[in-house]
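Working notes for the structure below.
Numbering (the working numbering), first residue to last: 5 to 557.
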């Protein structure tokens, strides 16, 4: 269970809730045993005592019965309330921790995972970890304490009965769970991977519905989903069969324990070593004790599922980041000139470098265009500047300070990016714009839209800034989406402007309009534009060509 160690350490953050939940579960279990044990003794003694005046340790039996009954009910309610609250808090902690680990991997390393797979990891796989505390840790601790309590209780009357019941408790609480875990690991793991494959294929289908339909490939995608669902159903069917088997075996052990106590107790009564009322008490106590132990078998068959889900989460969480942040970042410089000296950068697992010994100086406020064919390294250079990709040799300095000594977030705060792939989120127009400047007022947002050429568009919207743009900006055209991204650039008002094919995919009129508006934004800003066609080059101070990761003047 090595993969689970990380999550066990996260449980420590909520130890108060976790301990309280365990205490409530233990209270409920022990109260249940006490209730049945006292009830058995009461019933067995009632005839001899005429049903009145029975006391234990000076306390009326009726008072004890009521006390244990109330404690069991309240304990069970509190257990459900506290353990589930603890679990929800734990899952929230795990998700936040997962995101903290995943963010440094964006965008390059996360780009190696499909969207549906990432969604499955952060939602379904994290949800699967709820069983770690709720179904494994708490019941295991309760079972151990109950077994110890039963050993003491039974041993006080008959060591033979105590050892016999302990052996059967161990069978139901150790042997059967260990066997269930062994034969349930494969189907538990398959249930996680099959569910993830089904979700991933389903997300792929919904995102690419138009393309799949146009190319007649929808049936093929549906077949992929159906195959994953069949695997999932098969795994769930096997898990359900194991749950039934574990319940039968645990029930058999409980019944065998009850019969053993009856037989051994009857012999003790015949020998004059035990009162009949005591035997009734012990039998009912044993029955109650197995209620705490029996759930372990079904719980431990989930270990394969939980461990596989944990491994999928840790695959991302433990992945080394693309760029290592400095432990003590240097203060951001005042200047915004950029210098690359002998810089070489390589994408992970790539043989050839994306950038090969680049020497480039960009003075503050100047405009540079990088041209070249696709794959020449233009976008890779912007990725290095944004500190999404580290460089293996050479230097990159901003304002005369080595970029590796600067905070990545602080450095990116100096930059505004406009590209052909600028994301429009499934949110309102307002929320999409606030990405550029979270504290912007409505008047700031309106001004940015007007500067981006969307003044009339805003006026025509039925709900103004609160209009929903839809997933991927389906409610707006390609040109409007690019202008929304341009409005973000206005709002951010950063001194360094990075443009990655800013007019790609636009019609001629939209292209001219966007370039004219960009020309106004470029004034006084250090600007780098990468492109593979000539539009907008007349706005640049210098044009440099990149081929196979090398500069060609």
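No residue lacks a Cβ here, since even glycine has one placed at the ideal position from N, Cα and C. Quick caveat: nothing in here was measured; it's all calculated off a predicted structure.
Tell me where the beta strand (DSSP E) around residue i begins and ends.
| i | result |
| --- | --- |
| residue 558 | No information on residue 558 is available, as it lies outside the stretch 5 to 557 that the chain covers here. |
| residue 548 | 546-551 |
Pop quiz: residue i and residue j are said to be a contact at Cβ under 8 Å. What is the actual Cβ separation, rounded to whole angstroms?
| i | j | result |
| --- | --- | --- |
| residue 386 | residue 547 | Incorrect: roughly 16 Å between the Cβ atoms, too far for contact. |
| residue 41 | residue 262 | Their Cβ separation, rounded to whole angstroms, is 13 Å, which puts residue 41 and residue 262 out of contact at 8 Å. |
| residue 123 | residue 207 | 7 Å |
| residue 258 | residue 151 | The pair is not a contact, with the Cβ atoms about 13 Å apart (cut-off 8 Å). |
| residue 526 | residue 371 | 6 Å |
| residue 494 | residue 455 | 5 Å |
| residue 195 | residue 272 | With a Cβ gap of about 48 Å, residue 195 and residue 272 do not count as contacting. |
| residue 540 | residue 519 | 5 Å |
| residue 418 | residue 498 | 6 Å |
| residue 301 | residue 250 | 3 Å |
| residue 204 | residue 118 | 5 Å |
| residue 236 | residue 199 | 5 Å |
| residue 489 | residue 389 | Residue 489 to residue 389, Cβ: 18 Å. No contact. |
| residue 297 | residue 147 | 5 Å |
| residue 424 | residue 505 | 4 Å |
| residue 502 | residue 532 | 6 Å |
| residue 457 | residue 517 | 6 Å |
Which partner residues does residue i have in the DSSP bridge list?
| i | result |
| --- | --- |
| residue 504 | 423 and 534 |
| residue 472 | 432 |
| residue 365 | 343 |
| residue 373 | 533 and 547 |
| residue 556 | 549 |
| residue 405 | 402 |
| residue 359 | 349 |
With a threshold of 7 Å on Cβ separation, who are the neighbours of residue i within its own chain once the five nearest residues in sequence on each side are excluded?
| i | result |
| --- | --- |
| residue 334 | 405, 409 and 410 |
| residue 479 | 472 and 473 |
| residue 233 | 202 |
| residue 137 | 15, 22, 90, 91 and 94 |
| residue 523 | 543 |
| residue 159 | 166 |
| residue 11 | 98, 133, 136 and 314 |
| residue 75 | 31 and 35 |
| residue 55 | In this prediction, residue 55 scores a pLDDT of 47, lower than 50, which makes its location untrustworthy; the coordinate-derived value is nonetheless stated afterwards. Answer for residue 55: no residue qualifies. |
| residue 1 | No answer is possible for residue 1: it lies beyond the span of the chain, which begins at 5 and ends at 557. |
With 8 Å as the threshold, decide whether the Cβ of residue i is near any Cβ in chain C.
| i | result |
| --- | --- |
| residue 102 | Absent here is chain C; the protein component of the structure consists of one chain. |
Please go through the same chain and pick out, in chain order, the residues whose beta-carbon is closer than 8 Å to the beta-carbon of residue i, but skip the five residues on each side of it.
| i | result |
| --- | --- |
| residue 327 | 108, 391, 392, 393, 394 and 412 |
| residue 130 | 95, 98, 99, 102, 313 and 317 |
| residue 288 | 40, 41, 43 and 44 |
| residue 475 | 430 |
| residue 465 | 433 and 471 |
So residue i is in the alpha helix (DSSP H); what residue range does that whole segment cover?
| i | result |
| --- | --- |
| residue 416 | 412-417 |
| residue 388 | 382-389 |
| residue 280 | 280-297 |
| residue 525 | 512-526 |
| residue 11 | 9-15 |
Take residue i and list the residues in its own chain whose beta-carbon comes closer than 6 Å to its own, dropping the five residues that flank it on each side.
| i | result |
| --- | --- |
| residue 367 | 341 |
| residue 26 | 142 and 145 |
| residue 304 | 181, 184 and 185 |
| residue 357 | 348, 350 and 553 |
| residue 292 | 36, 37 and 40 |
| residue 265 | 165, 286, 287 and 290 |
| residue 443 | none |
| residue 116 | none |
| residue 445 | none |
Can you determine whether any heavy atom of the ligand NAD sits closer than 7 Å to the C-beta of residue i, and answer yes or no?
| i | result |
| --- | --- |
| residue 440 | Annotation note on the ligand NAD: not contained in the displayed structure, which lists no ligands. |
Unbroken stretches of the beta strand (DSSP E), 3 residues or longer, contained in the region 318-357
342-349
Only counting runs of 4 or more residues, tell me where the alpha helix (DSSP H) segments fall wholly within the region 114-191, in order along the chain.
119-124, 142-159 and 163-174
Kindly provide the ranges of any alpha helix (DSSP H) runs that are 4 or more residues long and lie completely inside the region 204-278, ordered along the chain.
213-218 and 222-274
Threshold first: 3 residues or longer. Then list the beta strand (DSSP E) segments lying entirely within the region 445-494, N to C.
none
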